[in-house]
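Chains as they are written, first to last, in my numbering: chain A, 15 to 404; chain B, 15 to 404. The structure appears below as structure tokens.
Protein chains: 2
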Amino acid sequence: MLLPFEIHARDPGSRARAGKLGTAHGPVLTPVFMAVGTRATVTGLDPFDLAQLGAPVVLGNTYHLMLRPGAEAFRRVGGIHRFMGYSGPVLTDSGGYQIFSLADDRTLSEEGAMFRSYVDGRRLLLSPERSIEIQTAIGSDIMMVLDECIDSTSSSAATRAAMERTHRWALRSLRARENPAQALFAIVQGGLLPDLRRASAAFLTAHPFDGFAIGGLAVGDTRAEREDVTSASAELLPDARPRYLMGVGTPPDLLHAMLAGVDMFDCVLPTHLAWQGTAFTSTGRVKLTRGSCASADVPLDANCGCNTCQRFSRAYLNHLFKCSEPLGPRLVSLHNLHHYFTLMREARAAILAGTFAAYARAKLDAIDRHEHSGRRLGPATTSLDGREPG
Amino acid sequence: MLLPFEIHARDPGSRARAGKLGTAHGPVLTPVFMAVGTRATVTGLDPFDLAQLGAPVVLGNTYHLMLRPGAEAFRRVGGIHRFMGYSGPVLTDSGGYQIFSLADDRTLSEEGAMFRSYVDGRRLLLSPERSIEIQTAIGSDIMMVLDECIDSTSSSAATRAAMERTHRWALRSLRARENPAQALFAIVQGGLLPDLRRASAAFLTAHPFDGFAIGGLAVGDTRAEREDVTSASAELLPDARPRYLMGVGTPPDLLHAMLAGVDMFDCVLPTHLAWQGTAFTSTGRVKLTRGSCASADVPLDANCGCNTCQRFSRAYLNHLFKCSEPLGPRLVSLHNLHHYFTLMREARAAILAGTFAAYARAKLDAIDRHEHSGRRLGPATTSLDGREPG
Numbered sequence: 015m016l017l018p019f020e021i022h023a024r025d026p027g028s029r030a031r032a033g034k035l036g037t038a039h040g041p042v043l044t045p046v047f048m049a050v051g052t053r054a055t056v057t058g059l060d061p062f063d064l065a066q067l068g069a070p071v072v073l074g075n076t077y078h079l080m081l082r083p084g085a086e087a088f089r090r091v092g093g094i095h096r097f098m099g100y101s102g103p104v105l106t107d108s109g110g111y112q113i114f115s116l117a118d119d120r121t122l123s124e125e126g127a128m129f130r131s132y133v134d135g136r137r138l139l140l141s142p143e144r145s146i147e148i149q150t151a152i153g154s155d156i157m158m159v160l161d162e163c164i165d166s167t168s169s170s171a172a173t174r175a176a177m178e179r180t181h182r183w184a185l186r187s188l189r190a191r192e193n194p195a196q197a198l199f200a201i202v203q204g205g206l207l208p209d210l211r212r213a214s215a216a217f218l219t220a221h222p223f224d225g226f227a228i229g230g231l232a233v234g235d236t237r238a239e240r241e242d243v244t245s246a247s248a249e250l251l252p253d254a255r256p257r258y259l260m261g262v263g264t265p266p267d268l269l270h271a272m273l274a275g276v277d278m279f280d281c282v283l284p285t286h287l288a289w290q291g292t293a294f295t296s297t298g299r300v301k302l303t304r305g306s307c308a309s310a311d312v313p314l315d316a317n318c319g320c321n322t323c324q325r326f327s328r329a330y331l332n333h334l335f336k337c338s339e340p341l342g343p344r345l346v347s348l349h350n351l352h353h354y355f356t357l358m359r360e361a362r363a364a365i366l367a368g369t370f371a372a373y374a375r376a377k378l379d380a381i382d383r384h385e386h387s388g389r390r391l392g393p394a395t396t397s398l399d400g401r402e403p404g
Numbered sequence: 015m016l017l018p019f020e021i022h023a024r025d026p027g028s029r030a031r032a033g034k035l036g037t038a039h040g041p042v043l044t045p046v047f048m049a050v051g052t053r054a055t056v057t058g059l060d061p062f063d064l065a066q067l068g069a070p071v072v073l074g075n076t077y078h079l080m081l082r083p084g085a086e087a088f089r090r091v092g093g094i095h096r097f098m099g100y101s102g103p104v105l106t107d108s109g110g111y112q113i114f115s116l117a118d119d120r121t122l123s124e125e126g127a128m129f130r131s132y133v134d135g136r137r138l139l140l141s142p143e144r145s146i147e148i149q150t151a152i153g154s155d156i157m158m159v160l161d162e163c164i165d166s167t168s169s170s171a172a173t174r175a176a177m178e179r180t181h182r183w184a185l186r187s188l189r190a191r192e193n194p195a196q197a198l199f200a201i202v203q204g205g206l207l208p209d210l211r212r213a214s215a216a217f218l219t220a221h222p223f224d225g226f227a228i229g230g231l232a233v234g235d236t237r238a239e240r241e242d243v244t245s246a247s248a249e250l251l252p253d254a255r256p257r258y259l260m261g262v263g264t265p266p267d268l269l270h271a272m273l274a275g276v277d278m279f280d281c282v283l284p285t286h287l288a289w290q291g292t293a294f295t296s297t298g299r300v301k302l303t304r305g306s307c308a309s310a311d312v313p314l315d316a317n318c319g320c321n322t323c324q325r326f327s328r329a330y331l332n333h334l335f336k337c338s339e340p341l342g343p344r345l346v347s348l349h350n351l352h353h354y355f356t357l358m359r360e361a362r363a364a365i366l367a368g369t370f371a372a373y374a375r376a377k378l379d380a381i382d383r384h385e386h387s388g389r390r391l392g393p394a395t396t397s398l399d400g401r402e403p404g
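Given below as structure tokens:
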């Protein structure tokens with residue numbers, strides 16, 4: 015039986031849809047942004063904070079969790095929910111992207127990836143079967159197949175070879191699955207080449223995966239390329255199954271992908287940028303370490319209802335960052351995640367109301383305007399990748 | 015008019031007393047442990063966390079706050095309460111100890127201390143008048159006079175000279191006070207020399223200070239010396255005024271000082287040790303980074319009611335510290351402060367019940383037993399000083 019997924023509404027002006035996933039740890043309304051909790055913690059926040067924020071899903075990472083605390087730690091207590099004191103839905107990425115990011119420090123073969131543990135220097139194998147075995151121990155509600163990621167600017171031959179191996183690994187992952195209560199998503203690859211994306215979607219959707227992810231983006235591609243591939247790929251995926259765009263992205267990335275019919279997202283940006291002192295606001299990004307914030311006795315975002323904006327000023331946040339006080343990144347992480355979750359709630363409401371196309375266009379225009387006028391605050395897009403490396 | 019202070023009960027078996035301070039930001043039940051918030055933040059915690067913990071007072075530091083964010087930041091918004099979004103009582107230390115800790119990087123004269131700002135390299139003067147001026151801008155409920163701290167192993171002549179200067183500076187501070195709603199405490203000095211301690215208490219208590227602190231301890235002295243001086247000094251201070259032991263200490267230090275009639279305490283230990291992965295528990299200190307914690311699927315302290323102990327295991331905390339995840343120090347800070355506040359609440363209840371001497375003795379025995387049996391966990395006392403340096 016596949017992961018329950020129902021569609022509640024479709025936007026008449028775009029391919030956006032609003033729905034619900036039925037995971038083993040409760041329902042998840044879509045479209046959904048998942049908070050990145052690579053090492054069984056969303057950096058600096060605990061499950062109570064996540065509940066306060068209304069965070070719908072936490073995303074853990076198989077590569078990092080197999081190294082620390084190790085699969086045995088999860089087996090002992092019966093999974094990540096007990097381990098991290100969190101009772102909501104968890105998705106685990108397979109480790110494919112992290113293996114890719116290790117570059118020269120791993121060897122790839124048909125069997126899997128051999129790499130050296132950063133914890134104790136041991137050489138370890140991450141194969142499709144091993145990834146599923148670890149994800150089974152972790153007990154995530156949604157598992158991902160191990161995929162072979164490559165740079166999106168790779169040659170056509172290399173992109174095809176990685177895609178074909180990803181397909182073989184996806185089938186091995188499906189065969190290795192032990193617990194039917196844990197959903198399994200496949201990952202469409204094929205780089206920036208439309209033919210390969212089509213072939214990948216055709217191959218994978220012929221098999222009983224619970225959902226389909228679009229992988230291999232935000233790895234060297236431009237925003238325009240990302241939007242084109244996302245849009246084309248989403249259209250190739252079955253209407254009845256959830257679609258997940260991995261590791262992407264900025265609020266404009268999310269709006270574009272929702273217009274194309276994508277249901278699920280994750281990205282490290284809101285928390286990573288928070289640790290660097292950058293906040294997403296209704297009037298563009300704000301770099302809190304800038305001198306102009308030091309005397310700004312105003313909320314971080316006057317239009318935001320989060321605790322950080324209700325209770326603290328830009329001047330106080332600037333002070334915390336200048337002093338390297340960990341309360342600064344924590345308060346901005348809470349704000350940035352609230353900003354993302356609010357965007358997703360508004361988007362879902364607009365889809366239900368049948369006004370999403372207009373909502374997204376207005377939002378994209380506003381962001382474009384703010385990031386244009388705020389040019390001196392730094393580039394509108396970031397070189398920081400949306401996925402956490404190995 | 016002096017800071018309201020009433021005594022509710024006295025322990026028949028010791029000099030311990032339970033009372034209440036009436037500050038401009040609400041009542042404070044004594045004996046009280048104050049959370050150290052040097053830079054207008056208790057590291058990693060926000061005022062909501064402090065309210066959840068029942069933290070009675072936050073302790074800021076004039077030296078650090080004059081450098082960042084600077085007095086002007088407080089003047090602009092009307093004080094530290096608005097600045098840090100906190101509405102409870104605040105005590106500010108004067109900066110005397112921080113100037114002392116700068117050692118060779120400052121010059122002391124009768125006027126005050128000249129030192130170089132770590133923010134912008136400017137040379138600055140911290141005089142008694144300037145300290146009061148800054149504390150007035152900060153708007154703390156209780157201000158401290160600038161004192162001259164010296165190593166407790168200094169010569170008798172040097173100790174006397176520093177004490178006499180501390181007295182002159184105390185009177186200058188009293189004259190410099192601008193806002194009568196902000197209480198002002200003097201600081202008894204005199205090192206480990208009983209005659210000097212007696213002279214210092216006699217001099218200072220002849221002037222209308224709101225309370226009296228015992229300074230110059232936890233700076234090179236042993237636990238036995240600290241207990242002797244604390245006990246003798248507390249006896250020299252007026253019964254009707256609050257007594258504050260600065261920068262001390264471990265739970266046994268607090269119990270001994272309460273037996274001697276001390277009402278107020280602060281120490282960086284619970285938060286500093288938390289950032290190093292050490293927790294205070296009902297069965298002794300626990301170093302969470304130790305390998306034995308990695309597979310301990312049990313609460314940090316089975317006898318503790320704090321959120322950390324109710325919701326997370328030692329194994330999870332070990333994992334967070336091994337990964338350098340900031341949630342680890344945050345959860346242990348919350349626990350360690352809860353441990354201290356619980357000790358103070360129990361102590362106050364025992365004083366009200368007239369059973370404090372027996373309570374303190376049993377508690378001291380238990381701690382001694384745990385720290386003896388847990389010898390391999392490290393020394394029972396710490397080399398880490400209880401006050402935050404400059």
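All residues carry an ideal CB built from backbone N, CA and C; glycine is no exception.
Listed by position along chain B, the residues whose Cβ is nearer than 7 Å to that of A:A85 form an empty set, because the closest Cβ is around 13 Å away. Collapsing the DSSP output to three states places A:L207 in coil. Per the DSSP secondary-structure output, A:E20 pairs in a beta bridge with A:K34. In summary, B:L139 is exposed, with fewer than 16 beta-carbon neighbours lying within 10 Å of its beta-carbon over all protein chains present.
One thing to note: B:V71 has its Cβ within 8 Å of the Cβ of B:V42. For B:I365, the uninterrupted alpha helix (DSSP H) segment begins and ends at 341-367. Less than 8 Å separates the beta-carbon of A:H39 from that of A:V104. About 5 Å separates the Cβ atoms of B:G99 and A:F326, confirming a contact at the 8 Å cut-off.
Assigned with DSSP and collapsed to three states, B:N193 falls in coil, not helix or strand. Closer than 8 Å at the C-beta level to chain B, one finds these residues of the stretch 309-327 of chain A: S309, D311, N321, R325, F326, S327.
Any Cβ of chain A closer than 8 Å to the Cβ of B:L59 would place that residue at the interface, and such an atom is present.
About 36 Å separates the CB atoms of A:A274 and A:C307; that is not less than 8 Å, and the two are not in contact. B:F223 is not a Cβ neighbour of B:V202, given a cutoff of 8 Å.
If you keep only unbroken alpha helix (DSSP H) runs of at least 4 residues inside the stretch 257-285 of chain B, you get 265-273. Less than 8 Å separates the beta-carbon of A:G109 from that of A:T76.
With respect to the C-alpha of A:S347, the residue from A:F370, A:D25, A:P284, A:E192 having the closest C-alpha is A:P284.
Inter-segment contact for the stretch 288-300 of chain A and the stretch 239-253 of chain A is absent: fewer than three beta-carbon pairs are separated by less than 8 Å. Rounded to whole angstroms, the gap between the alpha carbons of B:F217 and B:R24 is 26 Å. Residues of the stretch 86-109 of chain A with a Cβ closer than 7 Å to any Cβ of chain B, in chain order: A87, R90, V91, F97, M98, G99. No Cβ of chain A is located within less than 8 Å of the beta carbon of B:L351. Around the CB of B:F62, fewer than 16 other CB atoms lie within 10 Å, so the residue is classed as exposed. Interface residue (Cβ-Cβ distance to chain A less than 8 Å): B:T44 is not classified as such. At a cut-off of 8 Å between beta carbons, B:Y330 contacts chain A. Cβ-Cβ distances below 8 Å link B:H181 to S214, F217, L218 in the same chain, with the five nearest sequence neighbours on each side left out; the list follows chain order.
For B:T303, no chain A residue has a Cβ inside 8 Å of its Cβ, as the nearest lies near 13 Å away. Near chain A, meaning a CB-to-CB distance below 9 Å, the residues of the stretch 117-151 of chain B are V133. Residue environment: B:P45 is assigned as buried (16 or more neighbouring CB atoms within 10 Å of its CB, all protein chains considered). Note that the C-beta distance between B:P83 and A:H333 is below 8 Å.
Close CB contacts of A:C163 within its chain, under the 7 Å cut and outside five residues either way in sequence, are with G110, Y111, F114, G229, G230, V233 (chain order). At a Cβ-Cβ threshold of 8 Å, A:R344 and B:G58 count as neighbours. Against chain A, the beta carbon of B:T55 has neighbours under 7 Å at L334, E339, L341, listed in chain order. Taking a Cβ-Cβ threshold of 9 Å, the residues of chain B close to A:L345 are D60, in chain order. Nearest neighbour of A:R257 by Cα position, chosen from A:G27, A:F47, A:D118, turns out to be A:F47. Distances from the alpha-carbon of B:S28 to those of B:R383, B:G368, B:G204, B:R136 put B:G368 closest. When only Cα atoms are considered, B:A316 and B:G263 end up about 24 Å apart.
The C-beta separation of B:F129 from B:I156 comes to about 24 Å, leaving the pair out of contact by the 8 Å criterion.
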